[in-house]
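Worksheet for the structure shown next.
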Amino acid sequence: MNGNLNNRVFLARLAGTAVFDPNGDPVGKVRDAVVSLRTNNQPPRILGLVVEVPLRRRVFVPITRVTSIESGTVIITGLVNMRRFEPRTGEILVLGDLLDRQVKLIDGDESVVVEDMGMEPTRTGDWLITKIHVMRRGRGLRRKGATSTVAWEEVQGFAIAEHNQGVANLLSTLSNLRAADLAAVLHDLAPKRRVEVARALDDERLADVLEEMDESSRVSLLAELEGERAADVLGEMDPDDAADLLREIGQERATALLELMEPEDAEDVARLMSYEDYSAGGMMTTEPIVLSADSTVAEALAAIRQSEISPALASQVYVTRAPLETPTGRFIGIAHVQRILREPPATLLGSIVDTETQPLNTGASLNEVSSYLASYNLLAVPVVDPNERLLGAVTVDDVLDHLLPENWRHSQRAENSRKEGQV
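Mapping to UniProt numbering: the sequence shown position 262 is 262, numbers consecutive.
Below is the structure:
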């Protein structure tokens, strides 16, 4: 075993660390550690690491397969079971279940919060959690208390499930995850912990995560949010995703949440809900990039650069008459981003607009929309009303969401859990 394993390793800091096989080929990233609590307050034994491999599958790697932890990397050896990780009875996730737990110091009976946990190898080759990094309560005007590292035996309170546990330290380990990856992590947490994390996320971050969850998961999570908070999160979602979610939760609650939303957001979502789900109207977003014919290439590039614009929507600018908010004035045509990039900044969009690509109406079927995108090699298609006013745009990712089976994210995870392989 590599001598570098003789050092203490703090697990919250280990989260996100790259995992490699002996040949230096990447395997995945560390997402958590699995422990088994023992009687008489003995240090818990580390059973293994939870590693995220491609396709966001989380697998279990026994700690006995870890040969080195150093320089921001973890090296493992042997064959890895690629079955999706599911904790067994008695197994506990360090970051998912123990971080942010409120426990008590045996000496003085003082309440402290767990910020991190340190594991060390024993002479027998086992790994035990021997140290706990804790934060004491702040005093006076101080918002945070002093921190210190204590031995496992110096604390008590891990045996009972904690209520209102807190999520600050867990969130810090998840802060750099993309929304889709965070959605996968939430799916694997215990329901109580999942709700705690969701409530601690800001509205925009939670909205992004809900857009990446499967139908049943996001419906159940939204049900746990208070009315005004749920309405605020819906307001941060893309209108088409918010409309899809409201269709899933039932008419009565959907109506109540629409009344709590900001009027402008609610109007867009309600309009989308009036269309058939698998039609162009039901799939479109009401927030494409819209500019006038006398706007310049420089203005178009500035609009495209906005970080919140998806790549599909940023592929083209829709040119209309005023007003430029959907429903707009009469639709004129499309300014494609490749053409925009070839023109001087002062060029007017009206001089480079594509007027030959015809828009679709709101009743166009899923098959018509997908055929249109394929025929013209586009990433998005404009949707207009009978008066040629632009209502929105359907992107290729919207089409894929509707072409794939319902709950395809959950189905993919379930399929992965049935398969075994080797890396």
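C-beta: ideal position from N, C-alpha, C; glycine also.
Please read these numbers as outputs of a predicted model, since none were measured by experiment.
Close-in-space but distant-in-sequence residues of the same chain around residue i (CB under 7 Å, 5 per side omitted)
i: residue 98; result: 92, 114, 117 and 158
i: residue 239; result: 268, 269, 272, 285, 286 and 287
i: residue 480; result: Look at the range of the chain in this structure, 1 to 423, and you will see that residue 480 is not part of it.
i: residue 17; result: 29, 30, 72, 73 and 74
i: residue 402; result: 278, 283 and 366
i: residue 376; result: 357
Own chain partners of residue i with C-beta closer than 6 Å, once the 5 adjacent residues on each side are dropped
i: residue 203; result: 232, 233 and 236
i: residue 210; result: 218
i: residue 11; result: 33, 94 and 117
i: residue 322; result: 329
i: residue 145; result: 135, 136, 137 and 138
Cα-Cα separation, residue i to residue j
i: residue 311; j: residue 151; result: 50 Å
i: residue 392; j: residue 325; result: 10 Å
i: residue 216; j: residue 186; result: 13 Å
i: residue 336; j: residue 351; result: 12 Å
i: residue 359; j: residue 383; result: 6 Å
i: residue 46; j: residue 230; result: 38 Å
i: residue 173; j: residue 15; result: 6 Å
i: residue 389; j: residue 340; result: 23 Å
i: residue 283; j: residue 385; result: 15 Å
i: residue 315; j: residue 379; result: 7 Å
i: residue 257; j: residue 89; result: 39 Å
i: residue 222; j: residue 319; result: 37 Å
i: residue 111; j: residue 50; result: 29 Å
DSSP-derived helix/strand/coil call for residue i
i: residue 304; result: helix
i: residue 16; result: coil
i: residue 375; result: helix
i: residue 11; result: helix
i: residue 268; result: helix
i: residue 129; result: strand
i: residue 160; result: Below a pLDDT of 50, predicted positions are generally treated as unreliable, and residue 160, at 49, falls in that range; the measurement from the model is reported next regardless. The answer is coil: DSSP assigns residue 160 none of H, G, I, E or B.
Per DSSP, the bridge partner or partners of residue i
i: residue 249; result: In DSSP, residue 249 forms no bridge with anything.
i: residue 58; result: 52
i: residue 336; result: 316
i: residue 192; result: According to DSSP, which records beta bridges pairwise, residue 192 is partnered with nothing at all.
i: residue 380; result: 395
i: residue 291; result: 319
Cβ neighbours of residue i in the same chain (closer than 8 Å, five flanking residues each side left out)
i: residue 298; result: 345 and 346
i: residue 8; result: 118, 119, 120, 130 and 131
Contact test: residue i Cβ vs the ligand COA heavy atom, cutoff 7 Å
i: residue 183; result: Of the ligands one can find in the structure shown there are none, so the ligand COA has no counterpart to examine.
Neighbour flag for residue i against chain C, beta carbons, 8 Å
i: residue 123; result: The structure shown contains no chain C; it is built from a single protein chain.
Output the residue ranges of the beta strand (DSSP E) runs that lie fully inside the region 38 to 118 and measure 3 residues or longer, sorted by chain position. 45 to 53, 57 to 62, 66 to 70, 73 to 76, 91 to 93 and 102 to 105
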